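Trainee: I'd like to ask some things about the structure below.
Numbering (this note's numbering), first residue to last: 88 to 362.
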């Protein structure tokens, strides 16, 4: 056990599988499914470093011995538990080769309301609205795209997968932590609130009445709606949209993966907001 005196971080070496300090990191995959109440897990150095850059998010870090030096020099005041690779895999419950896990507090991310994400009326806005996307990889990719395309925020319908799910967070390259987001309890009410805030709702939809994406002039304040992997944007949501757009494609192909489609639509509609 050693203390990094410059930052007050306690580097703690653990060799006992039954040590209570390991509790947040046990049986990772099983608890992914059951949930961790007020905590979430980040894995891999890139994600964990982004977690550590945020004040008050990380509760503790678990690292394999080869990563100990890296986290002694990092800049957040949290405890770091150092274990052997074998013990890390035993604790996690599967062969875990990334060597770094962090337990984070959910509250800073789950306390946002829709109003917190909508830019002031005089400002431009680009929001990504996600209608019941359930695949955890797609959720992560949507956040990565939102970050790349300068979105002001991501708004999730009630039945979307959890952005703080371990794999979603990793696939997003940690952008779930940097792009503001909220989960709505009533999707229709949220869409109404956006329209009342002068946000033009544009749904990506494979519909005969949808216009070519190229033909839509980017609104100054836009909410891009993408939908479920198989069903697309729901009929009820489409009815509330101001525009339906389709991405022109080669003959015989009518759709893209939801993450790919979001990138294309956001690239067109947010083009005035990027470097």
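Note that CB positions come from ideal geometry on N, CA and C, so glycine has one too. Quick caveat: nothing in here was measured; it's all calculated off a predicted structure.
Mark residue 276 as exposed unless 16 or more other C-beta atoms lie within 10 angstroms of its C-beta, in which case mark it buried.
Mentor: Within the chain shown, numbered from 1, the residue matching residue 276 stands at position 189. Counting Cβ neighbours within 10 Å, residue 276 comes out exposed, since fewer than 16 surround it.
Trainee: Taking only three categories from DSSP, how would you classify residue 91?
Mentor: Translated into positions along the chain shown, residue 91 becomes position 4. Reliability fails at residue 91, whose pLDDT of 48 lies under 50, so the model's placement of it is uncertain and the value that follows must be treated cautiously. Note: residue 91 maps to strand in three-state DSSP.
Trainee: Extract the residue ranges of the alpha helix (DSSP H) inside the segment 191-254, only unbroken runs of 4 or more that lie entirely within it.
Mentor: Listed in chain order, they are 194-197, 201-204, 223-235.
Trainee: Using beta-carbon positions only, say whether residue 315 and residue 345 come within less than 9 Å of one another.
Mentor: As a working mapping, residue 315 is identified with position 228 in the chain shown. As a working mapping, residue 345 is identified with position 258 in the chain shown. Yes, the pair counts as a contact, with Cβ atoms nearer than the cut-off.
Trainee: If you draw a straight line from the alpha carbon of residue 213 to that of residue 253, how long is it in whole angstroms?
Mentor: Stepping through the chain shown from its first residue, residue 213 is reached at position 126. Stepping through the chain shown from its first residue, residue 253 is reached at position 166. Going from the Cα of residue 213 to the Cα of residue 253 covers about 26 Å.
Trainee: Within this structure, are the beta carbons of residue 167 and residue 226 separated by less than 9 Å?
Mentor: Locating residue 167 in the chain shown gives position 80, where the first residue counts as 1. Locating residue 226 in the chain shown gives position 139, where the first residue counts as 1. No; because the gap between Cβ atoms is not below 9 Å, this pair is not in contact.
Trainee: When burial is assigned at 16 or more other CB atoms within 10 Å of the CB, is residue 181 buried or exposed?
Mentor: Within the chain shown, residue 181 is the residue found at index 94, counting from 1. So residue 181 ends up on the exposed side.
Trainee: Quick check: the Cα distance between residue 323 and residue 354, rounded to an integer number of angstroms?
Mentor: By one-based count along the chain shown, residue 323 stands at place 236. By one-based count along the chain shown, residue 354 stands at place 267. Rounded to whole angstroms, residue 323 to residue 354 spans 25 Å at the Cα level.
Trainee: In chain order, what residues of the same chain have a beta carbon less than 6 Å from the beta carbon of residue 151, not counting five sequence neighbours either side?
Mentor: In the chain shown, the residue the question calls residue 151 occupies position 64. Once the five neighbours on either side are set aside, the close Cβ partners of residue 151 are 172, 175, 186.
Trainee: Report all residues from its chain with a CB closer than 7 Å to the CB of residue 240; omit the five preceding and five following residues, and keep chain order.
Mentor: Numbered from 1 along the chain shown, position 153 holds the residue referred to as residue 240. Within the same chain, residue 240 has close Cβ partners 204, 214, 266, 267, 268.
Trainee: Output the boundary residues of the beta strand (DSSP E) element that contains residue 151.
Mentor: Within the chain shown, residue 151 is the residue found at index 64, counting from 1. First-last of the beta strand (DSSP E) with residue 151: 145-151.
Trainee: Pull the bridge partners of residue 287 from the DSSP assignment, please.
Mentor: Start at 1 with the first residue of the chain shown, and residue 287 comes out as number 200. Paired residue(s): 309.
Trainee: Hey, is the segment 183-201 in contact with the segment 302-320, meaning 3+ C-beta pairs nearer than 8 Å?
Mentor: The answer is no - the segment 302-320 does not touch the segment 183-201, with fewer than three Cβ pairs under 8 Å.
Trainee: Less than 9 Å between the C-beta atoms of residue 320 and residue 218, yes or no?
Mentor: Translated into positions along the chain shown, residue 320 becomes position 233. Translated into positions along the chain shown, residue 218 becomes position 131. Going by C-beta atoms, residue 320 is nearer than 9 Å to residue 218.
Trainee: Quick one, are the C-beta atoms of residue 356 and residue 289 less than 9 Å apart?
Mentor: As a first step, residue 356 must be located in the chain shown, where it is residue number 269. As a first step, residue 289 must be located in the chain shown, where it is residue number 202. Yes. Within cutoff.
Trainee: Buried or exposed for residue 104, going by 16 or more other Cβ atoms inside 10 Å?
Mentor: In the chain shown, the residue the question calls residue 104 occupies position 17. Answer is exposed; the Cβ neighbour count stays below 16.
Trainee: For a quick check, are the C-beta atoms of residue 125 and residue 194 less than 9 Å apart?
Mentor: In the chain shown, residue 125 corresponds to position 38, counting from 1. In the chain shown, residue 194 corresponds to position 107, counting from 1. In contact: residue 125 and residue 194 (Cβ atoms closer than 9 Å).
Trainee: In terms of residues, what are the limits of the alpha helix (DSSP H) holding residue 353?
Mentor: On the chain shown, position 266 is the one that residue 353 refers to. Looking at the DSSP string, the run of the alpha helix (DSSP H) that includes residue 353 is 345-356.
Trainee: Taking only the alpha-carbon atoms, compute the straight-line gap between residue 82 and residue 108 and give it to the nearest angstrom.
Mentor: Residue coverage of the chain in this structure runs from 88 to 362, which leaves residue 82 outside it and unanswerable.
Trainee: Buried or exposed: where does residue 144 fall if 16 or more other Cβ atoms within 10 Å of its Cβ makes it buried?
Mentor: As a position in the chain shown, residue 144 is number 57, starting the count at 1. When all chains shown are included, residue 144 counts as buried.
Trainee: Based on the DSSP output, what are the partners of residue 178 in its beta bridges?
Mentor: Residue numbering aside, residue 178 sits at position 91 when the chain shown is read from its first letter. Residue 178 is not bridged to any residue.
Trainee: Applying the criterion that 16 or more other CB atoms from any shown protein chain within 10 Å of the CB defines a buried residue, is residue 95 buried or exposed?
Mentor: Counted from its first residue, the chain shown places residue 95 at position 8. Low local confidence applies: a pLDDT of 49 at residue 95 is under 50, so the model's placement there is unreliable, with the coordinate-based value given in what follows. Exposed.
Trainee: How long is the line joining the alpha carbons of residue 64 and residue 224, rounded to whole angstroms?
Mentor: The structure shown does not extend to residue 64, since the chain is modelled only from 88 through 362, so no value can be given for it.
Trainee: Quick check on this structure: which residue in 246, 282, 296 has the alpha carbon closest to the alpha carbon of residue 327?
Mentor: In the chain shown, counting from the first residue as 1, residue 327 sits at position 240. Considering only alpha carbons, the answer is 282.
Trainee: Only counting the same chain, and skipping five residues up and downstream in sequence, which positions put a Cβ closer than 7 Å to that of residue 293?
Mentor: Counting from one through the chain shown, the residue named residue 293 turns up at place 206. If we look at residue 293 and ignore the five residues flanking it on each side, its Cβ neighbours are 319, 333, 341, 342.
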